[in-house]
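Chemist: Here the sequence shown is numbered in the numbering used here, starting from 88 and rising by one per residue. All C-beta atoms, glycine included, are put in the ideal place defined by N, C-alpha and C. Remember, predicted model here, so these are calculated numbers, not experimental data. Structure below; questions to follow.
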Amino acid sequence: MGLLDGLKKKGEDKQAEIQKNEEDYISLIRVYIQAFVAATFGITNINQMPDLRAFKVACKVPTQNGKLGLGERAEARRMLMANYGLSESFFKDIDRSITKNCKNLQQVNNFFVVFQGFVQDFVQLLTTHLGWKLQMPKYFDGMIRKVVVDGVRDLMEKNDWDKLDAAQTASRLRANVNKLGYTQSWMVEFIFPFIMIAKGATTVKQ
88 MGLLDGLKKK GEDKQAEIQK NEEDYISLIR VYIQAFVAAT FGITNINQMP DLRAFKVACK
148 VPTQNGKLGL GERAEARRML MANYGLSESF FKDIDRSITK NCKNLQQVNN FFVVFQGFVQ
208 DFVQLLTTHL GWKLQMPKYF DGMIRKVVVD GVRDLMEKND WDKLDAAQTA SRLRANVNKL
268 GYTQSWMVEF IFPFIMIAKG ATTVKQ
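Next comes the structure, spelled out in structure tokens:
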């Protein structure tokens, strides 16, 4: 293998690691949500919660007080706070959103669909909208955070989009955010670790 081939492989390996870390972060959020739902609705069949099941097995989290979701929720929250700097209020807002939108298991399924759509639209639209502004090195985290704050405000308030597909995505995103009940500050706290992970950060300070 030549030098250029070696550098290319190293770059591909690094990108694969970053992608895995991004997926791990989003997966941990889903684990927290599934654990809260399991504990709230008394779900005992862990196969209904695939992220929760994988997390419980991988991290060897014991069932707390005979109730699925309690120990897993606490462990997922601990890891998210320790590694990504998320606040207690961040999780309280998730809990509030689930409680507001989910009165039965059918509504839980709808919530997961809405949340997944929110994540996809949010990540895609914000990174596209900010573009070159996100090219700053990760050690300029304060400046990156300000750019993210401004970007989130644009996504929720801007009306003069240059492209129709961006306008449509923004409209769909706003509808989902309104349904979920999240604030712009919550959205910044959610997306900032994802942006920093994409820059190669292994832990994130808020």
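Which residues in the same chain have their Cβ closer than 8 angstroms to the Cβ of V144, if we skip the five residues on either side of it in sequence?
Modeler: Closer than 8 angstroms at Cβ, skipping near neighbours: no residue.
Chemist: Which runs of the alpha helix (DSSP H), 4 residues or longer, sit entirely within the segment 147–219?
Modeler: Correct list: 157–171, 175–188 and 192–217.
Chemist: Could you tell me whether any Cβ in chain D is nearer than 8 angstroms to the Cβ of R165?
Modeler: The displayed structure is made up of one protein chain only, and chain D is not part of it.
Chemist: So, F205 versus N265, is the Cβ gap smaller than 8 angstroms?
Modeler: Not a contact, by the Cβ cut-off of 8 angstroms.
Chemist: Go ahead and pull the three-state DSSP assignment for K68.
Modeler: Summary: the structure shown does not reach residue 68, with the chain confined to residues 88 through 293, and so no result is reported for it.
Chemist: Taking its Cβ as the centre, do 16 or more other Cβ atoms sit within 10 Å of V200, making it buried, or is it exposed?
Modeler: Exposed, because fewer than 16 other Cβ atoms sit within 10 Å of the Cβ of V200.
Chemist: Going straight from the alpha carbon of H216 to that of W273, what length do you get?
Modeler: Cα-Cα distance, rounded: 19 angstroms.
Chemist: Measure the alpha-carbon distance for Q135 versus T256 and round it to whole angstroms.
Modeler: Rounded to the nearest angstrom, the two C-alpha atoms are 30 angstroms apart.
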